[in-house]
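Take a look at the structure set out below.
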Amino acid sequence: GQQVMQIPQYQHVQEGEDFTTYCNSSTTLSNIQWYKQRPGGHPVFLIQLVKSGEVKKQKRLTFQFGEAKKNSSLHITATQTTDVGTYFCAVQDDKIIFGKGTRLHILP
Amino acid sequence: DTAVSQTPKYLVTQMGNDKSIKCEQNLGHDTMYWYKQDSKKFLKIMFSYNNKELIINETVPNRFSPKSPDKAHLNLHINSLELGDSAVYFCASSQGRPSYEQYFGPGTRLTVT
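One line per chain: the protein sequences are A and B, in this order. Residue numbering for the first sequence follows my numbering, starting at 1 and increasing by one per position. Residue numbering for the second sequence follows my numbering, starting at 109 and increasing by one per position.
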């Protein structure tokens, strides 16, 4: 069945450093979504990518969808303490599958 | 002005009991979901309803029974609770079938002792 692998599982960065999380699928995706969950909170939708090679930006966040639509990445430039949380990718074809998430810790 | 609300927020109960979690959304969405998030933060879909019709029913013990009385409500009833049911349960909604952004409720932390 379809699998989604998200790496890394954990990431510790100094405040101001960049951060990237990757999501890889075993099959071609129709779209991919990214969510952020703050500690103690609930997942919040960030963005959806649909087109091959698509790149979208939200302030310091850059989202990419691979040319083959099998992988995606979320890059945060110059992390801030407000970026702390777990970032999930989610694929929704015939099933809904969330990646296992990347937990981001910011060191002051 | 909460978009997706769940009650209760916390639920502590003993093994063998039956409990229910309620979810309501005021976004006018036609699709609602139940997710389970375990202690490792893995988020797994359990059920999804579209216009009160069950469209996703993952491999979940039949002790779990969802009910959607109308498009705005999706409840989850759990019979004979087990220790392994301890988790955070999230309700979510979206407009349209899965593939659109989902709005999550605040979660219900269930602890089975």
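We put the beta carbon where it would ideally sit given N, CA and C, even for glycine.
If the five residues before and after A:Gln-3 are omitted, its C-beta is found closer than 8 Å to the C-beta atoms of Ser-25, Ser-26 and Ile-97, all from its own chain and listed in chain order. Taking a 10 Å sphere around the C-beta of B:Val-120, we find fewer than 16 other C-beta atoms and assign the residue as exposed. Contact holds between the region 121-141 of chain B and the region 193-205 of chain B, because three or more Cβ pairs, one in each stretch, are under 8 Å apart. Chain B has a Cβ within less than 8 Å of the Cβ of A:His-42. Near chain A, meaning a CB-to-CB distance below 8 Å, the residues of the region 150-162 of chain B are Phe-150, Leu-151, Lys-152, Ile-153 and Ser-156.
Distance from the Cα of A:Ile-76 is smallest, within the candidate group A:Phe-19, A:Leu-46, A:Tyr-35 and A:Gly-85, for A:Phe-19. With the rule of 3 Cβ pairs closer than 8 Å, the region 144-163 of chain B counts as touching the region 189-198 of chain B. No Cβ-Cβ contact shorter than 8 Å links B:Val-112 with B:Gly-215.
Rounded to whole angstroms, A:Gln-33 and B:Ser-176 show a C-alpha spacing of 26 Å.
For A:Arg-103, the uninterrupted beta strand (DSSP E) run begins and ends at 102-107, by DSSP.
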